[in-house]
């Protein structure tokens, strides 16, 4: 589905044009065309492939649902494939954006991805001086927008993690907590797999030999790379935290067991000692003088209670109760 | 055992020929011959070695059962050794495919591998424009087909893992679950060892200096490399998940023990308190007035039941029961 | 907020000047100007951007609160972004310092950072021979001062860790201890994320190709890099220690449980044996001669006490009590 | 102790010669001499050092018992130091082989190593065409033979590991099993330390700049390197397996404890309930009608047995027994 | 404190000279001077700095107590900073040695380090042919001597570790054992941090571009590097062993608990069964014929003993006792 088709002319003004007029603009030296598709059909994409001379392998990647994010250089164009995360209720949803960039065109294809990226078009209007970098600026702005979408998702996970830590140190809902740690870890991994390959990909767009298209705009791609590295280091910190938390949690649970055990043992001791006394005075010996005392029974109860209280206090002092 | 011997001529048409006619076709500049063997005998392979001038070390590798997958450049030809996974019931079965590629020939040897790769031949007919890359195209198509065989196997393991996670969080069959986690981990490792060395091998076929044969077809090998990297990252995620799961599992088991312990302790307390009462009224003191009351016995039973019910409720409230 | 604006002239003397006079000094070949801002407003920074021709991306980084430390080379200037740790009570507080360095200017912006860095100005007076390196010397001195701020923070953490280890081996406050290990680990990670990217950044300022500005002063940046590496290796050692400590802690807790269990079991045995005797002599058999002995009861008590003492001694010897 | 001294002449025939005649053969362009020593004395080696101009540091390494395997290039010769594993009963024994290779000589010194390597001499006769590579062929053949000695040792360890896994999942001899896992891990580490440095060493003998001596024979050293990598990946897989197994084992033991606990608790409950009934009917209330019933006693026994059976069944159903 | 000041002249003879005469010898082309200081005062070192033109940063490093070992190239000289371990009772003590090497001088400064390194001077006399490498030989000999000091320390730790392993598998002093594992781990880390940076430092003195001073002596520094790598691999093996041991230890403790539990449970069962019998015969039913049998009591005791013995045997057989 076509979202927009814009031409940026030599003076860097922009105008919407119908798809059919693209060829008319392609050959003017300073022009470039940006075609934005959403959930493109194979036909639409094939038409674009013919129009812009896109490489077969890159076009196939657009339709491939399981894919690693990548920045690839082909003879005629660059191909960038990005994953965009979004929180849908409790789930992290991953959309896909493919960008083809040639000297005079940009083709962006959004798939399974609800978020409009038109903010980029507005930005292009706000920063006309950046349009001097040509079509590659649109790719930069799209990549930058996509990478920025990761920050709020990472923040939500970070908050979740903080809540889990607090619950952990208060031994609340230990079982449920484990499940949620596991879930956060899973989501962190999903985000990492969407980001890690990009760090490598964008690092090829600045420093050393860069594709001719990118020439002069390296600082902008270094900036995107830097954001990716920041996200990566945040995710790494979270992974590390979760790993430690899982181990600490086991220790806390074990400590808790130990405390429960001591409490039980203390009560057990108190009760068993009482039982021994009842056992002794329940014996059937003929000559047990205290059994015939007038106040033998209350004395017995007092002795039992006394022992119990004495033990209770000792255990209390030893912090077992 | 010979499966097929095909010649691709200058116009890229293909024709089956008998082995003996190979030399006749080898010297035409645009021709190349593809010989496909299955479970080749040493004699068959030696004949091919003489025919195509294959390197001794590469030929020996074909028969070596324990081998790392590899992509090796020899003076006269490339040698690719791949492992192909397949699910046989519960087991992952590993077949082997060796490919020799020279400027005018391809020799593929399938060993211990049930899956026919003739899909490749059909593909060559479907994509005649790719045959312009010559013999190396067949190697690409074979490699691509082999790597694609990994995806369904990885998917089955992923499903298995998901089932194990659900069982884990429901504390079902903990012991059996551990065994299956262990088994999945083993299979993941088998696949990783079949893939990891290939990532390295195929990365030498694009970017930087590539063997002359591959020249021009780098994008295709980058695509294969990309698939390998995707599989690797999926397998790494699974390894990570399993490692976490094993730790989480231990915590869950320990939590479970704690819950069982509390339950037992609570019941124990209820029973022991009851025992103390029976002990007290079982004592043989002469002066125990309540023993002689008319309703002393039912009162005793009521007191015991009352204490038991009271304790039961307290434990229930504290979530021990 | 402007802190100071100093000009260093050809003879390397320094003088405070008002901001408006900067342009007058910028074009003298041997002069350079150092402008120091604190918690700069956007307006202040934009004015400086215009004055010194700072790159848009670098200026944006100054205001970005979540950022990785970095050393970046732009066409016209270097940009260094550092994080400064400080202990506020129990918390590690992270301030930020951004430094822009061109051939004839230094702009330092301190944000959210209480510590004055004017020590650097005094140092410049003490080491006038180093001013021969020009503006880059100020950047070096600032970086050096920032990195030196890490040492006392790391030392405090190290002391804390040592205290926790001692507490751990004495099984004191196990639960609280875990929480504090976790907290130290968290702080170590915060420091690492403030340092790790710098190791990479400063390594680009010595050895191999260095930015023209830095030329001749490489040894000084190698020294800063060396301090960063020292801090990193200290933090790594602490991470490793904490990881081991958490595992050892679990073992110690488990050992402790085992000891408690043995103690309980021993007491349990002593009590239960006593109970058996009272049970036996509580039976109602008609013919139990000892029940009618004159000293049957004291004998019974002696036997019970004897058994208890015997068991107590055995358990004592086996180190269960 | 001299084992053999062989000269290979221009036509690649070989002949035993006495040590004294070596100089006569050294200067013929196509000749090379192979001297094989076993448990060489310092004197023997010093004589060889003078004869062939061996570097002092390399000669010292021969006598150094604790040493990392290595492949070193000196100005005048290559030096290869290898470790050879062998199973002596339950122990892995490590022998040492040092090889010096110059353009016209090979000196091999076997130390603390029972296995004869004369297979290499026979191989040289079987593969005379490979002798065209000169003295370096002998080094290759020796290295190849040494690396091949690792395979059976690794296989034995692999079998041992498999047996331990089976025992682990059947909870047999848990304590002994741990000890054997630990032992296998130790042996795996010994082998790894004998192999890892070689991977690095042999990788310098093919690809990129190789020592002049090796020129042309790179494929053979790549093959050795490949075997080393295969062994390494097998050992890595074993390490990984053992690490997982140790963790899984702890879980299995903990699960086992849980099962034992449940079983005990169930029996405990059955017994304690019985005890309560005996306690109740052991009380001394005057008015306890059932005590005087004709069949009160058998009824009591039946009730107790009934309760016990009922509980037994419930626990059985809940899988606690 | 000056230890010695030696001049090595063109014929490589050596002679002690007073400090004041150094300048006289510095300009002879073949001479070099070795000044050895111990616990140098700042004044002494400043004098040397002036004499030999040492770089400010290197001189500061000498007095810096917390420092990473390093090998640094300055314009005028090399600077090597080493840490020397020594066992003082149970503690590992770390001394420091700084070496400055220029074309015609060596300055060594020993700090906090009791071990004399004069062995190096004697070695120089024993190996006059090595003095052809000039001042750098002294640096080599000092470095070699320092690295050799690590071996006995590592050996002591290795022995300690072996003793701990044996104790671990015999479940002796589990708590103390943990503390000692922790202590060994700590010492291993101290040694690693003293060695790891050196591996990197010395690798820059051979292979690839080396400092001019070192030219020709690369093999000697490769040898030192090799010793460092050997030590590193030993320390890594120990780290790995300790990590495994800590995990195995937890399993062993848990297994031990399980065994104790089973033993307790078995005794518990025996005692409780006995209690039930005494409970039954302690009931007050009117019609309990066996109570009135002549040998009811001994029969009861026999039954109880019989049950106890039967259970004892069953538990013995099941290996619970």
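Protein chains in written order, with this note's numbering: chain A, 1 to 321; chain B, 322 to 642; chain C, 643 to 963; chain D, 964 to 1284; chain E, 1285 to 1605. Cβ atoms here follow ideal geometry from the backbone N, Cα and C, with glycine treated the same way.
Beta-ladder partner(s) of residue i, from DSSP
{"i": "residue 1354 of chain E", "result": "E:1365"}
{"i": "residue 753 of chain C", "result": "C:738"}
{"i": "residue 674 of chain C", "result": "C:650"}
{"i": "residue 1050 of chain D", "result": "D:1055"}
{"i": "residue 1390 of chain E", "result": "E:1318, E:1385"}
{"i": "residue 323 of chain B", "result": "B:358"}
Cutoff 7 Å; reference residue i; Cβ partners in own chain excluding five residues on either side
{"i": "residue 1204 of chain D", "result": "1124"}
{"i": "residue 621 of chain B", "result": "598, 602"}
Extent of the continuous alpha helix (DSSP H) to which residue i belongs
{"i": "residue 17 of chain A", "result": "Residue 17 of chain A -> no alpha helix (DSSP H), and no H or E assigned at all."}
{"i": "residue 1244 of chain D", "result": "1181 to 1244"}
{"i": "residue 928 of chain C", "result": "Note, residue 928 of chain C: premise wrong, no alpha helix (DSSP H); not H, not E."}
{"i": "residue 1308 of chain E", "result": "1306 to 1310"}
{"i": "residue 141 of chain A", "result": "135 to 148"}
{"i": "residue 514 of chain B", "result": "495 to 524"}
{"i": "residue 705 of chain C", "result": "698 to 705"}
CB contact flag (residue i, residue j, <8 Å)
{"i": "residue 1500 of chain E", "j": "residue 1417 of chain E", "result": "yes"}
{"i": "residue 281 of chain A", "j": "residue 271 of chain A", "result": "no"}
{"i": "residue 817 of chain C", "j": "residue 727 of chain C", "result": "no"}
{"i": "residue 1284 of chain D", "j": "residue 1273 of chain D", "result": "no"}
{"i": "residue 1026 of chain D", "j": "residue 1070 of chain D", "result": "no"}
{"i": "residue 401 of chain B", "j": "residue 464 of chain B", "result": "yes"}
{"i": "residue 1040 of chain D", "j": "residue 1058 of chain D", "result": "no"}
{"i": "residue 1321 of chain E", "j": "residue 1303 of chain E", "result": "no"}
{"i": "residue 1311 of chain E", "j": "residue 879 of chain C", "result": "no"}
{"i": "residue 548 of chain B", "j": "residue 441 of chain B", "result": "no"}
{"i": "residue 1250 of chain D", "j": "residue 617 of chain B", "result": "yes"}
{"i": "residue 54 of chain A", "j": "residue 100 of chain A", "result": "yes"}
Near the ligand NAP: residue i beta-carbon under 7 Å from a heavy atom
{"i": "residue 112 of chain A", "result": "Of the ligands one can find in the structure shown there are none, so the ligand NAP has no counterpart to examine."}
Close beta carbons around residue i, own chain, < 8 Å, minus the five adjacent residues each side
{"i": "residue 218 of chain A", "result": "205, 206, 207, 210"}
{"i": "residue 1408 of chain E", "result": "1292, 1298, 1414, 1415, 1421, 1422, 1425"}
{"i": "residue 1209 of chain D", "result": "1141, 1144"}
{"i": "residue 303 of chain A", "result": "277"}
{"i": "residue 338 of chain B", "result": "326, 327, 328, 346, 354"}
Would you say the segment 887 to 897 of chain C touches the segment 736 to 755 of chain C, given that touching needs at least three Cβ pairs under 8 Å?
Counting C-beta pairs with one atom in each stretch, the segment 887 to 897 of chain C and the segment 736 to 755 of chain C have fewer than three that are closer than 8 Å, which means they do not touch.
Between the segment 1541 to 1553 of chain E and the segment 577 to 592 of chain B, do three or more beta carbon pairs fall short of 8 Å? No, the segment 1541 to 1553 of chain E is not in contact with the segment 577 to 592 of chain B.
Q) Okay, do the segment 611 to 629 of chain B and the segment 659 to 674 of chain C touch, 3+ Cβ pairs below 8 Å being the bar? A) Not touching, per the Cβ criterion.
Are at least three pairs of beta-carbons, each pair with one atom in the segment 391 to 398 of chain B and one in the segment 512 to 524 of chain B, less than 8 Å apart? Two segments are said to touch when three or more pairs of C-beta atoms, one from each, lie closer than 8 Å; by this definition the segment 391 to 398 of chain B touches the segment 512 to 524 of chain B.
- Message: Give me the subset of the segment 769 to 786 of chain C whose CB atoms are less than 8 Å from a CB atom of chain F, sorted by chain position.
- Response: As a matter of chain content, chain F is missing from the structure shown, whose protein chains are A, B, C, D and E.
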